[in-house]
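Everything below concerns the one structure shown next.
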Amino acid sequence: MRTDDVWVLGLWIVAVLMFAAMGCDGGAALDGGAERSDAGVVGDAGEPDLDAGSLPPGTDAGSLPPGTDAGVAPDAGDLGDGGVVLPDGGPCGACGADAPFCDPTTGACVACLDDAACGGATPLCDRNSNTCVACLGHGDCGPEAPLCDVGLRQCVGCLGDHHCRPDAPFCDPFARACVSCVADAHCDDGDRCTTDTCGAGGVCANAIEPMCVRQISAGVRHTCTRHADGRVRCWGDSSSGQLGTGMLIDRTVPWLMRGVTDAVDVSAGEVHSCVVHATGDVSCAGSSVGGRLGVGPMPHTLWSYPVAVGLADAVQVGTGRDHTCARHRGGRVSCWGIDGGGRLGTVGSDRDSDVPVEVSLLTDAVELSVGSAHACVIDTRGRVRCWGNGLNGQLGRGFLGPADYPREALLPASAVDLRTAELGTCALLSTGAPYCTGLNADGQLGLGHRNDPVYTPESILANPVERVAMGDKHGCAIRPGGQVVCWGHNAVGQLGDGSSLDSLTPVNVAGLSDAIALDAGAAHTCAIRASGQVVCWGSNQYGQLGDGTRIDRFAPVPVASLP
Numbered sequence: 334m335r336t337d338d339v340w341v342l343g344l345w346i347v348a349v350l351m352f353a354a355m356g357c358d359g360g361a362a363l364d365g366g367a368e369r370s371d372a373g374v375v376g377d378a379g380e381p382d383l384d385a386g387s388l389p390p391g392t393d394a395g396s397l398p399p400g401t402d403a404g405v406a407p408d409a410g411d412l413g414d415g416g417v418v419l420p421d422g423g424p425c426g427a428c429g430a431d432a433p434f435c436d437p438t439t440g441a442c443v444a445c446l447d448d449a450a451c452g453g454a455t456p457l458c459d460r461n462s463n464t465c466v467a468c469l470g471h472g473d474c475g476p477e478a479p480l481c482d483v484g485l486r487q488c489v490g491c492l493g494d495h496h497c498r499p500d501a502p503f504c505d506p507f508a509r510a511c512v513s514c515v516a517d518a519h520c521d522d523g524d525r526c527t528t529d530t531c532g533a534g535g536v537c538a539n540a541i542e543p544m545c546v547r548q549i550s551a552g553v554r555h556t557c558t559r560h561a562d563g564r565v566r567c568w569g570d571s572s573s574g575q576l577g578t579g580m581l582i583d584r585t586v587p588w589l590m591r592g593v594t595d596a597v598d599v600s601a602g603e604v605h606s607c608v609v610h611a612t613g614d615v616s617c618a619g620s621s622v623g624g625r626l627g628v629g630p631m632p633h634t635l636w637s638y639p640v641a642v643g644l645a646d647a648v649q650v651g652t653g654r655d656h657t658c659a660r661h662r663g664g665r666v667s668c669w670g671i672d673g674g675g676r677l678g679t680v681g682s683d684r685d686s687d688v689p690v691e692v693s694l695l696t697d698a699v700e701l702s703v704g705s706a707h708a709c710v711i712d713t714r715g716r717v718r719c720w721g722n723g724l725n726g727q728l729g730r731g732f733l734g735p736a737d738y739p740r741e742a743l744l745p746a747s748a749v750d751l752r753t754a755e756l757g758t759c760a761l762l763s764t765g766a767p768y769c770t771g772l773n774a775d776g777q778l779g780l781g782h783r784n785d786p787v788y789t790p791e792s793i794l795a796n797p798v799e800r801v802a803m804g805d806k807h808g809c810a811i812r813p814g815g816q817v818v819c820w821g822h823n824a825v826g827q828l829g830d831g832s833s834l835d836s837l838t839p840v841n842v843a844g845l846s847d848a849i850a851l852d853a854g855a856a857h858t859c860a861i862r863a864s865g866q867v868v869c870w871g872s873n874q875y876g877q878l879g880d881g882t883r884i885d886r887f888a889p890v891p892v893a894s895l896p
């Protein structure tokens with residue numbers, strides 16, 4: 334064979350091998366003269382062999398893309414680049430109603446590609462997450478919810494407490510709204526007689542505990558408490574009807590004062606008790622002798638239930654042995670009962686009165702306390718002014734003698750609290766120092782001596798204190814922190830230290846270090862603890878300690894039936 338023949342034969346073999354490698358079907362003809370492979374329509378890599386007669390009418394065979402079978406029209410969407418068959422929906426696959434749009438960048442179905450796909454409460458498309466959101470910045474929010482929470486992409490009222498206002502100072506971390514509270518501690522209204530809870534929506538609920546004791550008043554031989562629901566309970570001596578229970582029967586445990594449901598103040602005297610009502614009137618129960626009940630001439634001398642005095646603007650009441658005084662809204666004071674020694678405070682008059690008469694030259698009282706035969710007030714300038722019997726120095730004027738109108742006591746600073754006793758007076762000054770004056774034969778003024786009488790106020794040894802109480806022959810005080818101390822006569826345990834020994838200096842009352850209020854009777858003392866519990870100690874001959882017995886107590890015992 335010649336060299337030329339060999340060269341031609343080689344070319345032919347190469348051509349055959351190339352054709353076989355392309356997978357062609359050894360010359361099977363397609364309709365229209367084109368050849369088809371299993372994978373799709375295949376023609377010459379250059380010019381495809383098209384059968385012009387098989388094209389649809391109006392089709393230019395020269396305009397078809399390379400590799401197209403002119404006799405078979407492609408179905409849009411059936412073929413992709415390179416002949417790959419794809420599912421419906423393009424490169425993302427089939428998208429649903431929740432994410433109807435195909436993101437060509439990620440090949441994922443998304444909720445939105447621009448704001449046009451959003452609306453309603455979520456008008457903006459967040460292109461980072463391709464979701465519809467309420468806001469992308471604070472500028473997208475309105476006045477009702479002015480801030481954009483970038484994490485939630487929601488308009489909210491606050492992102493921290495600093496965004497809130499005084500009437501709703503806390504930011505609810507879940508609702509992102511300014512509220513009054515997010516914890517019970519935020520609802521403490523300072524009233525220990527309410528249960529303070531933070532309710533739904535950040536609103537405080539301050540429910541009153543009806544039995545909670547708001548005030549305690551110790552009389553000569555009986556005791557009364559005022560409760561959060563406006564009721565009054567009393568116990569002890571009721572021989573004159575002073576408990577107001579409707580019966581002349583002593584009680585060794587608390588009994589409700591009849592018909593009283595709106596009391597705002599209470600005072601227990603010797604043979605009568607009085608309350609101030611929310612209406613501004615005063616009602617009193619007990620002996621009406623000398624006009625101490627203030628209701629005018631009465632057919633009976635003993636009233637075992639409260640009778641109305643007929644006032645309209647009283648805010649505080651004080652009971653002595655034979656007279657009563659009321660402080661009015663605005664600062665006036667009126668008194669009624671026996672006037673001996675000027676105790677009614679009317680200039681130039683020594684007449685008893687069974688109805689209220691106004692105290693002379695006094696229009697600015699802010700605190701009132703009534704002793705056995707005298708009375709004192711603190712005025713708007715912080716001065717202590719007293720009137721009535723001063724023969725034992727209880728008026729604090731620097732000399733002995735009565736006063737028929739208010740006279741200023743000699744004190745080194747303004748007063749903030751005031752207590753009177755049978756024949757003494759103590760004032761708590763703004764400095765925290767208590768000053769006392771009056772009868773001191775048993776060391777009841779707490780001055781560390783028995784010099785008697787004291788007619789210029791002196792500072793007692795318990796200094797400093799927060800409250801003072803005065804009995805007939807003893808005194809007590811609450812020190813900062815709640816510890817109670819007492820001094821003076823102690824024959825029946827009125828000092829509460831577990832002994833019967835008198836003391837000229839303050840001694841700690843046993844087991845009582847959390848007192849918040851205090852008052853003393855003739856020979857007994859009662860206190861309210863921080864827990865609300867009421868305890869008493871001392872003389873109990875008439876059941877005035879309220880523990881269900883008539884046994885004197887030398888240390889505090891709880892009053893029965895009270896919280």
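Residue numbers for the sequence shown follow my numbering, beginning at 334 and rising by one.
Quick reminder that beta carbons are idealized off the backbone N, C-alpha and C, glycines included.
Excluding the 5 residues flanking it on each side, PRO689 has same chain C-beta neighbours closer than 6 Å at GLY627, SER667 and TRP669, in chain order. Looking at the backbone, the Cα of GLY781 and that of THR838 are separated by about 5 Å. Under DSSP, ALA449 takes part in no beta bridge, so it has no partner. In this structure, the alpha-carbon of ARG684 lies about 8 Å from that of GLY673. For the pair ILE711 and ARG752, the Cα-to-Cα distance works out to about 11 Å. VAL825 and SER833 have their C-alpha atoms spaced approximately 6 Å apart. Our two residues, CYS531 and ILE549, have alpha carbons roughly 30 Å apart in a direct line.
Beta-bridge analysis with DSSP links SER620 to LEU635. For SER836, the enclosing beta strand (DSSP E) starts and ends at 836-841. By DSSP's assignment, GLU700 forms a beta bridge with ILE711. Of the residues assessed, SER864 falls on the exposed side of the cut-off, its CB having fewer than 16 other CB atoms within 10 angstroms. For the set LEU695, GLY663, GLY664 and ASP614, the Cα lying nearest the Cα of GLY678 is the one of LEU695.
Residues of the same chain with a CB within less than 8 Å of the CB of GLY715, apart from the 5 flanking positions on each side, are ALA746, SER747, ALA748, VAL749 and SER763 in chain order. From the listed residues GLY475, GLU603, GLN575 and CYS497, the smallest Cα separation to GLY854 is found for GLU603.
Between the C-alpha atoms of VAL867 and GLY776 there is a straight-line separation of about 27 Å.
Taken atom to atom, the span from the alpha-carbon of LEU446 to that of PRO437 is near 10 Å. Assignment of ALA611 by DSSP, reduced to helix, strand and coil, places it in the coil class.
The beta carbon of THR594 sits closer than 8 Å to the beta carbons of ASP562, GLY563 and ARG564 from its chain, once the five residues preceding and following it are set aside; these are given in chain order. Taking a C-beta distance under 9 Å as the contact criterion, CYS869 and VAL892 qualify as a contact pair. Per the C-alpha coordinates, the member of LEU761, LEU743 and GLY723 positioned closest to PRO786 is GLY723.
Of the residues ASP473, THR439 and PRO896, the one whose Cα lies closest to the Cα of ASN461 is THR439.
The C-beta distance from GLY731 to LEU743 rounds to 5 Å, short enough to fall under 8 Å. For SER872, the closest alpha carbon among the candidates ASP885, ALA860 and ARG862 is that of ASP885.
For LEU751, the enclosing beta strand (DSSP E) begins and ends at 748-753. A Cβ-Cβ contact shorter than 9 Å links SER637 with LEU581.
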